[in-house]
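Residue numbers (the working numbering): 18 to 189. Ideal Cβ placement from N, Cα and C applies to all residues, glycine included. Owing to the predicted nature of the structure, the values given are computational and were not obtained by experimental measurement. To start, the structure under review is shown below, and the notes come after it.
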Amino acid sequence: NKLLNDALMSKNNKTESTENPMAKAFNFIGYDILSLKEKDIKDYTNNSLLSLFLKDFNNKIVSSNLYDYNGVLIFKPINVLTKGNLKIAYLSFIASNTQDSNKEGVYYTKSFLDSYDSIVLSHLSKDKFDLTVFSVEVNSIEEVKILEKFLSNKKYNIDIVLITGNLSEPIN
18 NKLLNDALMS KNNKTESTEN PMAKAFNFIG YDILSLKEKD IKDYTNNSLL
68 SLFLKDFNNK IVSSNLYDYN GVLIFKPINV LTKGNLKIAY LSFIASNTQD
118 SNKEGVYYTK SFLDSYDSIV LSHLSKDKFD LTVFSVEVNS IEEVKILEKF
168 LSNKKYNIDI VLITGNLSEP IN
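Structural data, given as structure tokens:
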């Protein structure tokens, strides 16, 4: 996400083509799914580079607990990838509860625990998946502890956990 964020927000990212150069690159290398987090939409506007990227990106985008100021999920909470005979459920969360303004209004995240229970489990129970991938952004030790508690609950059938974020203190 940092590579995407840096490239999209760069003032020098200009091209003669009408297709966003980052979207073109991501499409070329075959990105299957893109997980967007809070920092990725912080400067989102209808004319922003991120907006142009999203318009040209040819693959799936997921963010399971990022809401617009009307309380509507901004992206799909779960996306399914099929690779051969394998059905993979991909979920992406932000561990914190935040509310922030962007140029379009206010966006916020709900607790990923609440989002997982209310939204994702209902999607997961509809289909049988061979693999469930859980991507989460944590930015504090408190969020790491919430994540540890969440992952210790066996009712959540998660096969792979991808953790991203910025911690300014070591994890013990």
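Inset, instruction - For I163, count neighbouring C-beta atoms within 10 Å of its own C-beta (all shown protein chains included) and say buried if the count is 16 or more, exposed if not. - result: Counting from one through the sequence shown, the residue named residue 163 turns up at place 146. Its Cβ being crowded by 16 or more others within 10 Å, I163 is buried.
Legend entry - Same chain, Cβ closer than 8 Å to F167, five either side skipped, listed in chain order: As a working mapping, residue 167 is identified with position 150 in the sequence shown. Cβ within range, chain order: F129, L130, Y133 and Y173.
Legend entry - Reduced DSSP category for V79 - H, G, I as helix; E, B as strand; rest coil: Numbered from its first residue, the sequence shown carries residue 79 at position 62. Reduced to three states, the DSSP call for V79 is strand.
Legend entry - Own chain residues within Cβ distance below 7 Å of L98, not counting five before or after: On the sequence shown, residue 98 is found 81 positions in, with the first residue counted as 1. Correct list, in chain order: D49, I50, I105 and Y107.
Legend entry - alpha helix (DSSP H) runs wholly inside the stretch 157 to 184, at least 4 long, in chain order: 158 to 169
Inset, instruction - With a cut-off of 8 Å on the beta carbons, I'd call I177 and L148 a contact; round off their distance for me. - result: If you number the sequence shown from 1, residue 177 lands on position 160. If you number the sequence shown from 1, residue 148 lands on position 131. Right, the Cβ-Cβ distance comes to about 7 Å (below 8 Å), so this counts as a contact.
Inset, instruction - Within 10 angstroms of the Cβ of L184, are there 16 or more other Cβ atoms? Answer buried if so, exposed if not. - result: Here residue 184 corresponds to residue number 167 of the sequence shown, with the count starting at 1. Classification of L184: exposed, given that the 10 Å Cβ count is below 16.
Inset, instruction - Determine which residues share a DSSP beta bridge with K93 and list them. - result: In the sequence shown, residue 93 corresponds to position 76, counting from 1. In DSSP, K93 forms a bridge with V79.
Inset, instruction - Go ahead and pull the three-state DSSP assignment for L71. - result: In the sequence shown, residue 71 corresponds to position 54, counting from 1. Residue state, collapsed to three classes: helix.
Legend entry - For K104, the first and last residue of its enclosing alpha helix (DSSP H): For this step, residue 104 is matched to residue 87 along the sequence shown. Where K104 is concerned, there is no enclosing alpha helix (DSSP H), although the beta strand (DSSP E) it sits in stretches over L103 to I111.
Inset, instruction - Assign I46 to buried or exposed, taking buried as 16 or more other Cβ atoms, counted over all protein chains shown, within 10 Å of its Cβ. - result: The residue given as residue 46 occupies position 29 in the sequence shown. When all chains shown are included, I46 counts as exposed.
Legend entry - Counted within 10 angstroms of its Cβ, other Cβ atoms place E159 as buried (16 or more) or exposed: Counting from one through the sequence shown, the residue named residue 159 turns up at place 142. Under this definition E159 is an exposed residue.
Legend entry - Straight-line Cα distance separating S65 from V161: In the sequence shown, the residue the question calls residue 161 occupies position 144. In the sequence shown, the residue the question calls residue 65 occupies position 48. Each residue's Cα considered, the two are about 32 Å apart.
Legend entry - Per DSSP, cross-strand counterpart(s) of F151: In the sequence shown, the residue the question calls residue 151 occupies position 134. The partner list for F151 (beta bridge, DSSP) reads L108 and V178.
Legend entry - Run of the alpha helix (DSSP H) containing I46, from where it starts to where it stops: In the sequence shown, the residue the question calls residue 46 occupies position 29. Here the alpha helix (DSSP H) through I46 covers P38 to I46.
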